[in-house]
Every structure is written in structure tokens, then in C-alpha cells.
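Everything on this sheet refers to the single structure shown next.
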Amino acid sequence: MHACIPDQKANRPIHDDFPLDGSFSSRQSVCLEKIGEDMTGSFTFNTSPRIILENGAASKIDQLAAHCLGPRPFIVTDPIILSLGLLSPAEAMLKACGYDFGHFTDVAADPPRSLVEAAAEAAMSHGATSVIGFGGGSSLDVAKLVALLAKSNENLDDAWGIGNAKGPRLPLVLVPTTAGTGSEVTPISIVTVGEEEKRGVVSPLLLPDIAILDPSLTLGLPAAVTAATGIDAMVHAIEAYASKSANNNPVSRSLAIEALRLLGANIETAVFSPGNVNARSAMLAGSMMAGMAFANSPVAAVHALAYPLGGIFHIPHGLSNALVLPHVLRFNNSVAADTYSEIATALFPDLSETSDAADRAEAFAQRLAELSAKIGLQTRLSDVGITESNLPKLAQSAMMQTRLLVNNPRELTETDALEIYKAAL
1 MHACIPDQKA
11 NRPIHDDFPL
21 DGSFSSRQSV
31 CLEKIGEDMT
41 GSFTFNTSPR
51 IILENGAASK
61 IDQLAAHCLG
71 PRPFIVTDPI
81 ILSLGLLSPA
91 EAMLKACGYD
101 FGHFTDVAAD
111 PPRSLVEAAA
121 EAAMSHGATS
131 VIGFGGGSSL
141 DVAKLVALLA
151 KSNENLDDAW
161 GIGNAKGPRL
171 PLVLVPTTAG
181 TGSEVTPISI
191 VTVGEEEKRG
201 VVSPLLLPDI
211 AILDPSLTLG
221 LPAAVTAATG
231 IDAMVHAIEA
241 YASKSANNNP
251 VSRSLAIEAL
261 RLLGANIETA
271 VFSPGNVNAR
281 SAMLAGSMMA
291 GMAFANSPVA
301 AVHALAYPLG
311 GIFHIPHGLS
321 NALVLPHVLR
331 FNNSVAADTY
341 SEIATALFPD
351 LSETSDAADR
361 AEAFAQRLAE
371 LSAKIGLQTR
381 LSDVGITESN
391 LPKLAQSAMM
401 QTRLLVNNPR
411 ELTETDALEI
421 YKAAL
């Protein structure tokens, strides 16, 4: 097998004027031009200890992750990734290097608890020495929990919530194939429990040992997936910046702004010119930065209202966020207009011409709705088959997301949630 070969290329800062002409590698460090003016109070900031963004990096996983794979890595992915052949170069390299790797290839969107537990059982049966998550957010979320459960044999009932997972876990490598969830740098895994409820495990144990971002894996994404996951990443940045969390911090806010700059400047190119590697690299970098931001300054009501759309109606997560985003922002504007005004120009630079904060915040919400339509997403709940009779159940379900609602800039009641859904219908 290969020995661990450290990255020899100098770290390069990521700017608005992507392209990235080489690789970006980080070892628990973030290079920022401006940390922010408000340094009062204390905060913590955790992220994945090593991040590599490089075209073709997935085919070098044997080199990049040799220090943590062990002889029997276990790959967690979904059937689509397998059928598209995206995993083949990495598998070929692992096989050539003598790794005895196993698979779980049945990950589905909104993964149920039973699937997570089946994957963990398969990893234990394989005698896994590490876990490789390869795919979209669902595959990465499942891989995180497989690494935890296959090593610690914990019961998920004891791990739900924030900081309850005890560990230890197996070494973990995450390779995203979409630019949106940021799961490769978040300590969060979301699981569907029962028919509709979504629960989360939140723990630093779920941060991987290494995240490998390979733009070539995203070149074949359908336009609708690129659009929805791109909006998802924007929501992560917006909610992280405005979060009422006690851990809202200047590092997260700086990352959120840079994420919005990258995502806003590149999402249309990525959707309409899918083979543009520079745009794909920028989207991955923006998604990763947004993930870092919200992993430490958590998301809020947009996600709380989006989760029932996925849990009950199986609407893709990114699209669910897009459908409620403008309406949640408008609800929050009475207390957060100044905050939204600060970040509006990162995404839409021409809004700098609007000087009044309230007007700019309203324009921000409207422009986000227009962007969703422009990149081909449905913009109304009725477009995805939801009727007015469904709204009370959605509102009731949204109120169960207390972990998220507590971070919203404005307190939100079930009546408020119902009115937001009505506005989105």
C-alpha cells in the first residue's frame, strides 16, 4: 500500500475570481482577510481537520487518506453514484493498492433509521477499519453514523440531540458529489424516524478526519440538482450569518459572506454550463465554507419549515429550502432587516445601490425568489403538489424542530409557521 503522502502544494486563498488552478488544502486553518469587528464574547469553532479541494482528487484517495484507511475500508454510497461510475476510479486505486474494501450501496434520500443501522451492521460484518462516505448529503450523513455505530456499538436512541454521542468512532473520510449540503465539514447527521420525523445527531465526533472535494465528480449533475443544492448552500450561509445562536461568531460570519460571494457568482454558470470546472470548484468551495459557517453558528427557521416538506412529501431538501426561503426572510425582516441588508450585497452586488436597510432586505428576499425561478426550480408549494389542506400538518411538524427554531432571529409560533406556508403556497 501507499504510505501517507502529504500534500506538497502550497495552500491557496479562494477569492471571488475563481478559477482554482491547482488544489486547496487546509489543516485546521482558515485564511481570512477580515475576521470581523465584533470580537466581544467567547465562541468555539470546530471543523474537519483536513480539507482538500482538487480536480481528480477522489482517484488519489489511497494517497490522500492513507494515514487513516487501514486495511479494510468500508464505502457508503447510493445506487445512482454506483451506476454512474463515479466511484470506479477510487475503487480501482484502492484495489490496486491491496485494500480489502467493502460496500453499502443502498443509501436513499432522507435515510431512515433502519437503513443506518443496516449499514452499520454491514460495516461490522466486514471488519471495517475505516469508513468512506461517497455521494450526496444522505450518503455522507449515513457514513458518519456508520463510523460511530460500527466502532462504539452505541444505540441511536442515546445519541440523538446535541453532544450525546459518546464514541469512539472509526476513521472517517468524506467525499461529496454535490455542492450544497456541506456535510463534509459539519458535525451533524439527519435521520428519518418513523414515517415523517427527522432527528439529528450533533457531535464533533461526526467531523471526518479528511474531506476530499473533487469538482470532476459534480460535472455530470443534472441542472435541477445543481440548482437545488446550490440554493441549499446559500441558505446555510444566510442562516448562519443571522443565527441567534450564542455561538454566532466572526469566523462563521466571514465564511458565510465569502460563501455567498462564491455561490452567487457561479451558480448560474454551474447550472447552465455544467462542464465548467472552475464554476464547479467555486460551488464546492462555497458549499464547504457555508457548511463550516452553519456547523458553528446553526441554521434556523428556513430549515425547520423545510424539513417537514422532505419528511412528509419527500421533496428534495435543497428545493424544500428554496420554497420557503423568501417567506421566512420576510417574516424575520421586522427584527433582522439590518442583518440581511449586510449580506445582501455579497450575493447580489447591485443591491448596494439600495441604501435603506429595510428596502434592501425586502429586495434580497425577492431576488432570491427570482434566482430560484431563473435556475429552473419550482417556486410555490402548489408547484410540488401541496394543497392548503396539508398546511396545518406541516406547521405542526415544523414546530417539532426546536433545535433549529431556537436559532431564528424572530420567535416563531405554529400560527406563524402556518402563515409562512400559506404565503409560500
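Quick note on full-length UniProt numbering: the sequence shown kicks off at 1 and runs consecutively.
Just so it is clear, CB atoms sit at the ideal spot from N, CA and C, and this is done for glycine as well.
Exposure of Q28, with buried meaning 16 or more beta-carbon neighbours within 10 Å: Stepping through the sequence shown from its first residue, residue 28 is reached at position 28. Interpretation of Q28 is limited by its pLDDT of 44, a score under 50 that renders its predicted location unreliable; the figure taken from the coordinates is listed afterwards. Exposed, because fewer than 16 other Cβ atoms sit within 10 Å of the Cβ of Q28.
L87 versus G133: straight-line alpha-carbon distance, rounded: Locating residue 87 in the sequence shown gives position 87, counting from the first residue. Locating residue 133 in the sequence shown gives position 133, counting from the first residue. If you take the alpha carbons of L87 and G133, they lie about 11 Å apart.
Inter-stretch contact at 8 Å, needing at least 3 Cβ pairs: the segment 275-295 / the segment 182-198: yes
Three-way DSSP call (helix, strand, coil) for V225 in this model: Here residue 225 refers to the residue found at position 225 when the sequence shown is read from its first residue. V225: helix per DSSP, three-state reduction.
Where T192 falls: helix, strand or coil (DSSP): Translated into the one-based positions of the sequence shown, residue 192 becomes position 192. Residue state, collapsed to three classes: strand.
Through-space distance from L84 to H236, alpha-carbon basis: Mapped onto the sequence shown, residue 236 falls at position 236. Mapped onto the sequence shown, residue 84 falls at position 84. One C-alpha to the other measures close to 28 Å.
Test item: CB-CB of A173 and D209 under 8 Å: Working through the sequence shown from its first residue, we reach residue 173 at position 173. Working through the sequence shown from its first residue, we reach residue 209 at position 209. Checking the sequence shown, residue 173 turns out to be Val, not Ala. Yes, Cβ-Cβ distance for V173 and D209 is below 8 Å.
Range covered by the alpha helix (DSSP H) that runs through T414: Mapped onto the sequence shown, residue 414 falls at position 414. The question names Thr, but residue 414 is Glu in the sequence shown. Residues E414 to A424.
Whole-angstrom distance between E258 and Y99, CA atom to CA atom: Indexing the sequence shown from 1 puts residue 99 at position 99. Indexing the sequence shown from 1 puts residue 258 at position 258. So the two alpha carbons sit approximately 39 Å from each other.
Backbone secondary structure at K166 - three-state DSSP: Residue mapping note: residue 166 aligns to position 166 of the sequence shown, counting from 1. It is coil, neither helix nor strand.
Coil, strand or helix - V202 by DSSP: Residue numbering aside, residue 202 sits at position 202 when the sequence shown is read from its first letter. In the structure shown, V202 sits in a strand (DSSP, three-state: E or B).
Contact check, L425 vs L394, beta carbons under 8 Å: The residue you call residue 425 lines up with position 425 of the sequence shown. The residue you call residue 394 lines up with position 394 of the sequence shown. No, the pair does not count as a contact, with Cβ atoms beyond the cut-off.
Assumed close pair L94, D62 - CB separation to whole angstroms, cut-off 8 Å: In the sequence shown, residue 94 corresponds to position 94, counting from 1. In the sequence shown, residue 62 corresponds to position 62, counting from 1. Yes, they are in contact, since the Cβ atoms of L94 and D62 sit about 6 Å apart, within 8 Å.
Alpha helix (DSSP H) runs contained entirely in the segment 365-417, provided each spans 4 or more residues: 391-398 and 402-405
Nearest-angstrom beta carbon gap, L325 and G286 [assumed within contact, 8 Å]: Numbered from 1 along the sequence shown, position 286 holds the residue referred to as residue 286. Numbered from 1 along the sequence shown, position 325 holds the residue referred to as residue 325. At roughly 16 Å, the Cβ-Cβ gap does not stay under 8 Å, so G286 and L325 are not in contact.
Spatial neighbours of R253 in its chain, beta-carbon cut-off 8 Å, leaving aside the 5 residues before and after: Translated into positions along the sequence shown, residue 253 becomes position 253. Answer for R253: G36, A240, Y241, A293 and S297, listed in chain order.
Rounded straight-line distance, which links the Cα of I420 to that of R380: In the sequence shown, residue 380 corresponds to position 380, counting from 1. In the sequence shown, residue 420 corresponds to position 420, counting from 1. Approximately 12 Å between the Cα atoms of the pair.
Beta-carbon spacing of D232, N321 below 8 Å: Start at 1 with the first residue of the sequence shown, and residue 232 comes out as number 232. Start at 1 with the first residue of the sequence shown, and residue 321 comes out as number 321. Going by C-beta atoms, D232 is nearer than 8 Å to N321.
Given K198 as reference, the closest of L305, A96, A270 and D214 once Cα atoms are compared: Along the sequence shown, read from residue 1 onward, the residue named residue 198 stands at position 198. Nearest of L305, A96, A270 and D214 to K198, Cα basis: L305.
Reduced DSSP secondary structure (H/G/I, E/B, other) of E54: Locating residue 54 in the sequence shown gives position 54, where the first residue counts as 1. Reduced to three states, the DSSP call for E54 is coil.
Close Cβ partners of A118 (< 8 Å) along its chain, the five nearest in sequence each way excluded: The sequence position of residue 118 within the sequence shown is 118, counting from 1. Result list for A118: F104 and D106, in chain order.
Simplified DSSP state of C4, which is helix, strand or coil: For the purposes of this step, residue 4 is taken as the residue at position 4 of the sequence shown. A caution first: C4 carries a pLDDT of 33, below 50, which makes its placement in the model unreliable, though a value can still be read off. Reduced to three states, the DSSP call for C4 is coil.
A227 versus F272: straight-line alpha-carbon distance, rounded: For the purposes of this step, residue 227 is taken as the residue at position 227 of the sequence shown. For the purposes of this step, residue 272 is taken as the residue at position 272 of the sequence shown. Rounded to whole angstroms, A227 to F272 spans 10 Å at the Cα level.
Cut-off 6 Å between Cβ atoms - residues of its own chain near L69, not counting five sequence neighbours on either side: Stepping through the sequence shown from its first residue, residue 69 is reached at position 69. Excluding positions up to five away in sequence, the list reads S130.
For P349 and A373, the rounded distance between their alpha carbons: Here the question's residue 373 lines up with position 373 in the sequence shown. Here the question's residue 349 lines up with position 349 in the sequence shown. C-alpha of A373 to C-alpha of P349: approximately 19 Å in a straight line.
Straight-line gap, I312 to G385 (C-alpha atoms, nearest Å): Counting from one through the sequence shown, the residue named residue 312 turns up at place 312. Counting from one through the sequence shown, the residue named residue 385 turns up at place 385. Roughly 12 Å separates the two Cα atoms.
L206 vs K144 beta-carbon contact at 8 Å: In the sequence shown, the residue the question calls residue 206 occupies position 206. In the sequence shown, the residue the question calls residue 144 occupies position 144. Yes.
Pairwise C-alpha distance: K60 and R113: On the sequence shown, residue 113 is found 113 positions in, with the first residue counted as 1. On the sequence shown, residue 60 is found 60 positions in, with the first residue counted as 1. Looking at the two C-alpha atoms, the distance is approximately 32 Å.
Helix, strand or coil at H126 according to DSSP, with G and I counted as helix: Along the sequence shown, read from residue 1 onward, the residue named residue 126 stands at position 126. Residue state, collapsed to three classes: helix.
Same chain only: Cβ atoms within 8 Å of E388, ignoring 5 sequence neighbours per side: Here residue 388 is taken as the residue at index 388 of the sequence shown, counted from 1. Excluding positions up to five away in sequence, the list reads K422 and L425.
Three-state secondary structure assigned by DSSP to F348: Along the sequence shown, read from residue 1 onward, the residue named residue 348 stands at position 348. Note: F348 maps to coil in three-state DSSP.
C-alpha distance - W160 paired with R403, whole-angstrom precision: The residue given as residue 160 occupies position 160 in the sequence shown. The residue given as residue 403 occupies position 403 in the sequence shown. Spanning the two alpha carbons is a distance of roughly 11 Å.
Beta carbon of I162 nearer than 8 Å to that of V193: Working through the sequence shown from its first residue, we reach residue 162 at position 162. Working through the sequence shown from its first residue, we reach residue 193 at position 193. No, Cβ-Cβ distance for I162 and V193 is not below 8 Å.
Delimiting residues of the alpha helix (DSSP H) encompassing I312: For the purposes of this step, residue 312 is taken as the residue at position 312 of the sequence shown. Its alpha helix (DSSP H) spans residues A301 to F313.
Collapsed DSSP secondary structure at A211 in the structure displayed: If you number the sequence shown from 1, residue 211 lands on position 211. Looking at A211 - three-state DSSP - the assignment turns out to be strand.
Proximal residues to A109 (C-beta, below 6 Å), its chain only, five neighbours per side dropped: For this step, residue 109 is matched to residue 109 along the sequence shown. If we look at A109 and ignore the five residues flanking it on each side, its Cβ neighbours are S138.
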